[in-house]
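Asks: Chains D and C are the protein sequences, given in the same order. The first sequence begins at 138 in this note's numbering and counts up one residue at a time. The second sequence begins at 23 in this note's numbering and counts up one residue at a time. Virtual Cβ for every residue (Gly too), placed ideally from N, Cα, C.
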Amino acid sequence: GAVVSQHPSWVICKSGTSVKIECRSLDFQATTMFWYRQFPKQSLMLMATSNEGSKATYEQGVEKDKFLINHASLTLSTLTVTSAHPEDSSFYICSARDRGRGREIGELFFGEGSRLTVL
Amino acid sequence: EDKVVQSPLSLVVHEGDTVTLNCSYEVTNFRSLLWYKQEKKAPTFLFMLTSSGIEKKSGRLSSILDKKELFSILNITATQTGDSAVYLCAVEYGNTGKLIFGQGTTLQVKP
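(1) How would you list, in chain order, the residues of chain C whose beta-carbon sits under 9 Å from the beta-carbon of D/Arg174?
(2) Buried or exposed for C/Phe123, please, with buried defined as at least 16 other CB atoms from any protein chain shown within 10 angstroms of its CB.
(3) I need the straight-line Cα distance from C/Asp39 to C/Ser84, nearest angstrom please.
(4) According to DSSP, simplified to helix, strand and coil, what is C/Asp105?
(5) Who are the Cβ neighbours of D/Ile158 in its own chain at under 6 Å, not counting the five residues just before and after it?
(6) Under 8 Å between the Cβ atoms of C/Leu55 and C/Leu71?
(7) Strictly under 8 Å for the Cβ-Cβ distance: is C/Phe93 near chain D by that measure?
(8) Excluding five sequence neighbours on each side, which residues of the same chain lie with their C-beta closer than 8 Å to the C-beta of D/Asn188?
(9) Pick out whichever of D/Lys203, D/Ala185 and D/His144 has its Cα sitting closest to the Cα of D/His222.
(10) Using the beta-carbon of each residue, which ones in chain D are nearer than 7 Å to C/Ala64?
(11) Where do the N-terminal and C-terminal ends of the beta strand (DSSP E) with C/Ala100 fall, by residue?
(12) Over what stretch of residues does the beta strand (DSSP E) that includes D/Thr217 continue unbroken?
(13) Is it buried or exposed for C/Ala64, if we count other Cβ within 10 angstroms and need 16 for buried?
(14) Does the CB of C/Lys120 have a neighbour CB from chain D at under 8 Å?
(15) Note down the Cα distance separating D/Leu200 from D/Ile149, rounded to an integer number of angstroms.
(16) Consider the Cβ of C/Phe52: report whether some Cβ of chain D lies at a distance smaller than 8 Å.
(17) Could you tell me the alpha carbon to alpha carbon distance between C/Glu23 and C/Val49, rounded to whole angstroms?
In structure tokens:
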């Protein structure tokens with residue numbers, strides 16, 4: 138079963154509203170989670186690294202005031218797209234690192250993704 | 023600039039064919055190379071490669087890494103329609119767990 142859960146899977150919102158996406162690690166503690174964005178027919182692009190108990194680290198070109206990340210607990214990170222616009226429509230995916238599982242069986246797990254459509 | 027390049031970008035084959043997908047990279051502080059299969063939603067993990075020349079195998083899929091020439095291949099033998107997907111190659115760099123993804127190879131297997 139899934140070890141990283143994202144919610145919601147789909148969201149449609151009006152331009153100017155804010156949308157929150159949750160990413161939960163289900164059976165492990167994740168001190169670090171990653172948020173990716175994927176536009177149609179393109180690959181995943183890392184947006185930011187979410188660190189439990191501290192500020193997120195954003196990749197170049199990603200507006201931190203627009204994409205608010207909160208990692209308040211060891212099992213939950215949230216991404217809030219503030220004042221969303223149509224160009225923010227994309228597939229947002231989180232991943233979490235389970236250090237306890239060790240490297241050889243793939244320690245990075247992805248959530249199911251959240252498809253955002255801004256009208 | 024760090025980059026991961028996959029080829030071909032798309033491929034159409036018939037069931038039973040064997041395919042080879044390529045991934046080359048230029049990444050500082052290389053840590054591992056990962057292959058994922060993406061169908062409609064999030065990627066699912068296939069392989070993680072850290073050492074050169076050691077083939078990893080799972081059923082009809084296998085993969086190998088060449089750290090000298092900076093590339094990896096993913097082989098799928100006796101392809102089935104269920105193998106149709108986008109195959110993503112990603113390189114983990116540093117000790118942060120960050121990944122750089124290639125553009126992906128879209129594989130379509132026809133009956």
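Replies: Looking at the coordinates:
(1) Residues of chain C passing the Cβ test: none, with the nearest at roughly 11 Å.
(2) buried
(3) 15 Å
(4) helix
(5) Leu216, Tyr229 and Ser251
(6) yes
(7) no
(8) Thr168, Thr169, Thr194 and His208
(9) D/Lys203
(10) Ile230, Phe247, Gly248, Glu249 and Gly250
(11) Here C/Ala100 belongs to no beta strand (DSSP E), and DSSP marks it neither H nor E.
(12) Leu213 to Val218
(13) buried
(14) yes
(15) It is Glu, not Leu, that sits at residue 200 of chain D in the sequence shown. Taking the straight line joining both Cα atoms gives about 21 Å.
(16) no
(17) 8 Å
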